[in-house]
Structures are given as structure tokens and as C-alpha cells.
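Okay, structure first, notes after.
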Amino acid sequence: MDAASVSDLIISIKSLLEEEFQEVMVQGEVTNLSLSGAGHWYFNLSDEASSISCALFKGDALRNPLIRHLKDGDKIILVGPVSVYQKRGTFQLLAKKIFPAGEGQLKLQYERLKAKLSQEGLFDLERKKKIPDFPKRIAVITAEHGAALQDFLNVIKRRTLWTDILIVPALVQGENAPQSLVSAFKKAEAIKDVEVIVLTRGGGSLEDLWAFNDEALVRSIYGSSVPVISAVGHQVDFTLCDYVADLRSETPTAAAEILSQPQTELNSRLIYCQTHLRSNLFKSYQHIQLMIQKFHPRELLNLMRERIHQSEKRLSLLNLSDKGEDLVGLHEARQRVDESILRLNHLEEITFKGFSEKLNRLEQVLSALNPSNVLNRGFSYVKNSSGKVVSSEKEFRKISSSAKLELFFHDGKGFVIKE
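Every number in the working numbering is 1486 more than the matching position in the sequence shown, counting from 1.
Below, the structure written as C-alpha cells:
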């Protein structure tokens, strides 16, 4: 038979214990209370016959402020699992919640009912209804002459414009309070046109607020078709009505502020718009008055007179009678005409000179080609009877005999008969 190691044995015990005792509730007296440098608390929980080691680690200690006020000899109720410290093979309680022994039974009932209702889905966020932004009619369930009601009403009167508040009186403390609250809730739910139900009272001890942990009341809130706000106690007080309600408010005053906030914001916006509207209207009024004054016939007449005066002044400065030629550009035109005449004369002179030179050249050419000038050099020419110049021997041979020829010399002419 193989023997188990110490570690294997302790691991087996640890597994069995922690699986069997996942959450226990134990009442006893605190002894050997100490705080470690890491922020963990260690103590023993004892009675007349036995003692068990307990540990409250730093994270859980922050959620249990009672630990900072405990001292040896105090009686408490501890809730948490059993754990085995493997290194030494000892078991201990890991404290998750601690309560004073006097409140222990109520806390136990509270935690058990809370766990039961939570498992049934009464606290699920998905089922919570939206609180209307501008409720016209609100039912308030509370003590008729309580301070919580006065606080709530004072805020509503100061911050809202049109909300109707219907007070449904109920007992909020004592043995008959749960039944009274359930009855009042049914009455409030049955009121016509109620848009929000507020369940409220001032702060107190766990026993004072116990009526708001009643299971029948919680289930009535869960089944309500009207959105419900729970404003029970103070910031540190939590009841089961807070968990099941569609909205939890820390105080009655805070509930009134939540319900009135949209109206307050709307009122602020209206005041803002009113101020700017008045400012814009005043500016428009000033502008209209200015335009009326500006376009009054008297003002228009004065303006026309002023413009006529300015025009006359400008005309007098112009002196058109002396500046007529300048204004129409006559001087410039005359200057352009004079320049054109000069260019024309110059062009005429150049052209005439060119024609004269060309004529002289032609005259010289003609003079050189003039037959008379050739005859002066001792030459002569012959014309036939028809007056045509005989310019070659061939033409001369063609002339018949006895034909009369005319001879031309530089100083005259003569006739001969061809033989």
C-alpha cells in the first residue's frame, strides 16, 4: 500500500473543506486582534469552549469599516468560507463580511433574502424602467408629517414649474410598517396619470429601516408598471427596495433634485433664451429707430441738399468754360494733326525727290537711246517707202529695184532710188 505525502493529504483535506464550507456564518468573541504591515487583519473567534483562526484580507477590510473599531472582547458575526493554510496544515475562516452581534440576526435575514431575490432576477438592470424627464404627477409614499417629506416638497416647489405631488401616507417604521407600505404602494399605483412613485423616509438604524426590506413590498415594486424611485435613509443605508427600484437615490432631497433637474435645466435655458431675445429685440428696435431717422423725408431732403452743394462745389472747381478744349481732347487732336502734316510733307518731299531722280535716270536712258544722238556720231538709218526702218541687209535685199528709200542724217534727210 503506497503512503500519501503530507502535501497530498493536506491538499485533499483543503479541497474537501473548501468545497463543503464555501460560506458559513459564525458568531463569537474577538481575541488576539492584530494588523499586519500589508494591511491584513488576523484574529481568533472564540466562545466558552472553542476558538478558530480568522483572516480579513486588505481588500475585504476596505469593504468592512467595522474592523477598524473592533477590539478584543467584542462579539461579532462573521460571514465567509473555510480555508486551509497549506503550509502549516491548519484551517481558518476567511472573513468576507463582519457585523456586530446585536445586528447579526437582522443582517443574516437581510443577506439571505437579498440572495434569494437576486437569484430570481428581481434586481436585474435589464428590467429597470426609465424615469420620465418631465413627470406631471408624482406619488410620494412616506410618513405624512416626516422630515423626509418636507425636504422633498421644499426642493420640488423651488425647482419645478408644473409638477403635481400626491402624498400617500404610510407607516415607515414599526411592526405594522411593511403592511402599511404595501397598501400605500397599491394605492399610489392605482392613481390615474401617476408617472413616478417615490418611496422615501429619513435615515436610521437597520431596525428602523427594516420595513423597506419586506419581501412583499419588494415584489410589489418589482411588479409595478410605474417607475419607482427609492430614497430611503442616507448615503450609507441600503435596503432591498433600493436594489429592486428603477432608481436609487441617496436621500429624499436627492430624489427631488433628480426629478426636478430636467425642469431646472429647461427653466435655465428659457431664462437664457429670454435674456438673449430681449437683447436681440432691443438691438432690432435701435436699428429700426436708426433707419426711421435715417430715411425720414427731412433727413433725405437734407441729404439731397448736401449732395447738390457738394456737386456745385466740384463743378466750380472744374471751370468747364476754360477747360473745354482739355476736356474734349482738342489740344491733343490738333497736335496729332500737326504731326500728321509734318509727316505728310516730309513724305511728299521724299517721294518727289525719288520721282525726280528716277525721271532723270529715265531721261538719260532715253537720251542714250535717241537715234538723233547716234546720228550725231556719224551714223544714219534708212526707211522704206512704207516708213519702216530697214535694219538689216536681208530686209534691204527684199526691197524691189527702183524703190524710193529715205535716208536720215543728224542734220536732215535725203531720198535715193534703189537700183
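Idealized CB from N, CA, C, for every residue including glycine.
Bear in mind that the values here come from a model prediction, so they are computed numbers and not experimental data.
Taking a 10 Å sphere around the C-beta of Leu-1667, we find 16 or more other C-beta atoms and assign the residue as buried. Residue Lys-1869 holds the alpha-carbon nearest to the alpha-carbon of Gly-1900 among Lys-1869, Ile-1885, Phe-1882 and Arg-1598. A Cβ-Cβ separation of about 15 Å leaves Cys-1727 out of contact with Val-1712 under the 8 Å criterion. Exposure of Asp-1558 is indicated by the presence of fewer than 16 other C-beta atoms within 10 angstroms of its C-beta. For Lys-1557, there is no enclosing beta strand (DSSP E), as DSSP gives it neither H nor E. As far as DSSP is concerned, Met-1790 takes part in no beta bridge. Residues of the same chain with a CB within less than 7 Å of the CB of Lys-1673, apart from the 5 flanking positions on each side, are Val-1654 in chain order. Secondary-structure assignment with DSSP links Tyr-1867 through a beta bridge to Phe-1894. The three-state reading of DSSP puts Lys-1672 in helix, counting H, G and I together.
Counting along the chain, Ile-1885 sits inside no alpha helix (DSSP H), nor does DSSP assign it H or E at all. Per DSSP, Arg-1820 has no beta-bridge partner at all.
The stretch 1649-1733 is shown to contain whole beta strand (DSSP E) runs of 3 or more residues at 1650-1655, 1682-1687 and 1714-1718, in chain order.
Distance from Cys-1540 to Leu-1564 at the Cβ level is roughly 6 Å; contact confirmed, criterion being Cβ atoms closer than 8 Å.
Separation of Lys-1844 and Val-1851 (C-alpha to C-alpha, rounded to the nearest whole angstrom) is 11 Å. The continuous alpha helix (DSSP H) containing Thr-1750 extends over residues 1738-1780. Secondary structure note for Lys-1643: its alpha helix (DSSP H) is the uninterrupted segment 1633-1645. Taking Gln-1508 as the centre and dropping the five residues before and after it, the same chain places the C-beta of Pro-1567 closer than 6 Å to its C-beta, in chain order.
The beta carbons of Leu-1599 and Glu-1693 sit no closer together than 8 Å. Bridge pairing for Thr-1628: Pro-1655 [DSSP].
When DSSP states are grouped into helix, strand and coil, Phe-1609 belongs to the coil group. By the criterion of at least three beta-carbon pairs nearer than 8 Å, the stretch 1567-1586 is in contact with the stretch 1547-1556. Rounded to whole angstroms, the separation of the alpha carbons of Gln-1572 and Glu-1505 is 15 Å. Where Glu-1506 is concerned, the enclosing alpha helix (DSSP H) starts and stops at 1492-1506. Non-local beta-carbon contacts of His-1526 in its own chain, meaning distances under 6 Å to residues more than five positions away in sequence, involve Phe-1543 and Lys-1544 in chain order.
Asn-1699 counts as buried, since no fewer than 16 other beta carbons sit within 10 angstroms of its beta carbon.
One thing to note: Ala-1697 has its Cβ no nearer than 8 Å to the Cβ of Ile-1627. Under DSSP, Ser-1539 takes part in a beta bridge, and its partners are Asn-1530.
Counting other Cβ atoms within 10 Å of its Cβ, Gly-1688 reaches 16 or more and is therefore classed as buried.
Annotation: the continuous beta strand (DSSP E) that includes Lys-1583 extends over 1583-1586. For Gly-1525, there is no enclosing beta strand (DSSP E), as DSSP marks it with neither H nor E.
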